[in-house]
Amino acid sequence: MKSPQPESLLSVRHLTHFFSGKTPQVNAVSFDINAGEFVSIIGPNGSGKSTVLRLIISELQPAGGEIVIQGKTLKSMKPLERARSVALLTQHDNADLRLTVSEYVALGRIPWQAEYSNGEHEKVITDAINDVGIAHLQHVSLGKLSGGERQRAGFARVLAQQPALLLLDEPTNHLDPLARHQLLSLIKHKNMTTVAVLHDLELIQPFSDRVLMMNQGELVCSGTPAQVLDSSWLEQVFGMQSLHVTHPLSGKTLRIFEALPGEIN
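This is the structure we're talking about:
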């Protein structure tokens, strides 16, 4: 007897978007995300990765296709319902730099303002700040933070929002290697349903349940990290190859990436 298939938390069907002209930035993209999955989207610059996230969060409107979250179409959701369902963390936002870290993280609670007491909100905010390791900065204004500290505060804000679906758009660019692993490990530990646009291929294997590869607005390959990173698509899309090496001390098999001959001028 077959095990029942998990119900998709997010279903994207034939999603299409044009920025200008007749060439689509996103062209008939379809995929499903199950509850608790961490799915990475990879691809070269301009391939449509971030546009897909902006369509899911309703920052952009699709020219065609459908987005369904927890059984409801995105276009049928009211703004409050969308805010409770989906949160987006980008490299940059337009937050008021005069806000303290605590005030900034508290913005994540706005969709739930009427549902909980002040004490309950404060606990969620404090827990999120502690989880990302910036309790000592909670009374510091955003304008006085480093890029990495700002990014940690951003992680705390989306954690405080408690969305059903978390979207991450290149979330680790301002972070040092240890912080990258700490924060992505935190998301995995919390079992948050996550779709993340990642440029660092080294982060794909340890954190992703599945990988979607895009090129020129189309979804060209999907599967487990091993299936995608070891496929010929890696060479065709990135001009790189995946190699397996054995760590001299631990004996573990590691995956490294290098450019194909002739790809570096």
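Throughout the sequence shown, residue numbering follows UniProt numbering, covering 1 to 265 in sequence.
Backbone N, C-alpha and C fix where the C-beta goes; we use that ideal spot for every residue, glycine too.
Check, Outcome
"Taking DSSP's pairing of strands, which residues face asparagine 34 in a bridge?", "Ser8"
"Quick check on the DSSP output: the alpha helix (DSSP H) that includes isoleucine 187 runs from which residue to which?", "177-189"
"Thinking C-alpha only, which one of Arg98, Ala135, Ser47 and Gln91 is nearest methionine 213?", "Ser47"
"Name the DSSP beta bridge partners of aspartate 169, please?", "Val197"
"Measure how close the beta-carbons of glutamate 149 and isoleucine 134 come, nearest whole angstrom, since I'm counting them as under 8 angstroms.", "6 angstroms"
"Give a yes or no on whether the C-beta atoms belonging to threonine 194 and leucine 166 are separated by under 8 angstroms.", "yes"
"Report buried or exposed for proline 261, applying the criterion of at least 16 other Cβ atoms within 10 angstroms of its Cβ.", "exposed"
"Under the three-state reduction of DSSP, which class applies to serine 242: helix, strand or coil?", "strand"
"Return the CA-CA distance between aspartate 96 and alanine 153, expressed in angstroms with no decimal places.", "13 angstroms"
"At 4 residues or longer, and completely inside the region 36-115: list those alpha helix (DSSP H) runs for me, N to C.", "49-56, 79-85 and 101-106"
"Is the distance from the Cβ of serine 242 to the Cβ of leucine 249 below 8 angstroms?", "no"
"Quickly, what does DSSP pair glycine 223 with across the bridge? List them, please.", "Val211"
"Would you say the region 44-64 touches the region 10-27, given that touching needs at least three Cβ pairs under 8 angstroms?", "yes"
"Apart from the five residues on each side of it in sequence, which residues of its chain come closer than 6 angstroms, Cβ to Cβ, to proline 4?", "Caution applies to proline 4, whose pLDDT of 42 falls short of 50 and renders its modelled position unreliable; the value that the coordinates give is listed next. Around proline 4: no qualifying Cβ."
"Among Asn94, Ile204, Gly21 and His199, which has the Cα closest to the Cα of serine 185?", "Ile204"
"Out of curiosity, what's the CA-to-CA distance linking threonine 246 and threonine 73?", "47 angstroms"
"Do leucine 9 and isoleucine 33 have their beta-carbon atoms positioned less than 8 angstroms apart in this structure?", "yes"
"Where does the unbroken alpha helix (DSSP H) through leucine 249 begin, and where does it stop?", "From DSSP, leucine 249 is part of no alpha helix (DSSP H); its letter is neither H nor E."
"Quick one: what's got a C-beta closer than 8 angstroms to methionine 1's C-beta in the same chain, skipping five residues either side?", "Because methionine 1 carries a pLDDT of 41, less than 50, the predicted location of this residue cannot be relied on, and no value is offered for it."
"Quick one: residues in its chain with C-beta nearer than 6 angstroms to the C-beta of phenylalanine 155, no 5 flanking neighbours on either side, listed in chain order?", "Val132 and Leu183"
"So, does the region 57-77 touch the region 97-113, judging by three or more C-beta pairs under 8 angstroms?", "no"
"In the DSSP output, which residue or residues are listed as bridge partners for glutamate 218?", "Asn215"
"Return the first residue and the last residue of the alpha helix (DSSP H) that isoleucine 125 is part of.", "118-131"
"What first and last residue would you give for the alpha helix (DSSP H) that runs through glutamine 151?", "147-161"
"Going by beta-carbon coordinates alone, are arginine 109 and proline 163 separated by less than 8 angstroms?", "no"
"Which residues in the same chain have their Cβ closer than 6 angstroms to the Cβ of serine 40, if we skip the five residues on either side of it in sequence?", "Ala196, Leu198, Ile204, Ser208 and Val211"
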